[in-house]
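Asker: Just dropping this structure here.
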Amino acid sequence: MKKRLLALAPLLPLALAACSSTEENPTGAADDTSAATSDPTVVNAEQVRSDRTSGPAIEINLEGIFKPNAELTVSTPCTPGDQSAFAVASFGEGATLERDTDDAPLTGTITAPNNIGPGPSNGPHTITVTCDGGANSTIDIPSAGNGDAKDPEEESPAP
185 MKKRLLALAP
195 LLPLALAACS
205 STEENPTGAA
215 DDTSAATSDP
225 TVVNAEQVRS
235 DRTSGPAIEI
245 NLEGIFKPNA
255 ELTVSTPCTP
265 GDQSAFAVAS
275 FGEGATLERD
285 TDDAPLTGTI
295 TAPNNIGPGP
305 SNGPHTITVT
315 CDGGANSTID
325 IPSAGNGDAK
335 DPEEESPAP
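Residue numbering for the sequence shown follows our numbering, starting at 185 and increasing by one per position.
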């Protein structure tokens with residue numbers, strides 16, 4: 185299975201696109217299920233990955249700054265037949281994503297916790313989105329500088 189990484193926009197709102205792949209259909213012929221993004225500023229693929237277990241890859245868009253108690257808006261086009269999707273963050277929050285109109289992307293909001301600790305395996309926090317039809321992808325949430333806090337003992341006293 186080949187994997188191609190789509191890139192992560194360095195500007196806000198963040199546009200994160202999940203990994204896409206070429207899946208084989210039951211007849212054995214390759215079926216390209218590439219998740220394309222229309223954002224021309226997408227340039228950095230290092231922070232995007234996919235932990236897909238089944239179904240085709242989907243595009244995931246994330247808006248907001250990952251700070252304590254901040255609201256992060258998650259959206260995905262999924263497939264036209266999907267009426268909803270579920271997003272779950274590695275810090276335990278989840279949200280049902282729904283369409284505002286028939287042709288709009290599925291959208292929902294996840295609230296960051298008050299105390300943001302390290303992500304899974306001391307890496308970045310993640311958001312996994314699963315569409316009704318089973319398509320799913322995982323993206324890393326870009327850090328907003330929360331993971332570099334110093335221990336109180338290391339801070340120098342004010343002069």
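Just so it is clear, CB atoms sit at the ideal spot from N, CA and C, and this is done for glycine as well. None of these values were measured; they are calculated from a predicted model.
1) Considering only C-alpha positions, which residue in the set Ile323, Ser305, Glu255 is nearest to Val143?
2) Roughly how many whole angstroms lie between the Cα atoms of Asp316 and Asn245?
3) Beta-carbon separation of Pro289 and Pro261 under 9 Å?
4) Over the uninterrupted beta strand (DSSP E) stretch that includes Asn134, give me the two end residues.
5) Kindly indicate which three-state DSSP category Ala274 falls into: helix, strand or coil?
6) By the 10 Å Cβ neighbour count, where 16 or more other Cβ atoms means buried, how is Ile325 classified, buried or exposed?
7) Quick one: measure Cβ to Cβ for Ile311 and Ala254, integer angstroms, because I've assumed they're closer than 8 Å.
Answerer: Let me lay it out:
1) Nothing in the structure corresponds to residue 143, since the chain is present only between 185 and 343.
2) 17 Å
3) yes
4) For the chain, the structure presents residues 185 to 343; residue 134 sits outside this window and is missing.
5) A quick correction: the sequence has Ser, not Ala, at residue 274. Ser274 falls in the coil class under three-state DSSP.
6) buried
7) Going by Cβ atoms, the distance from Ile311 to Ala254 rounds to 13 Å, so no, they are not a contact pair.
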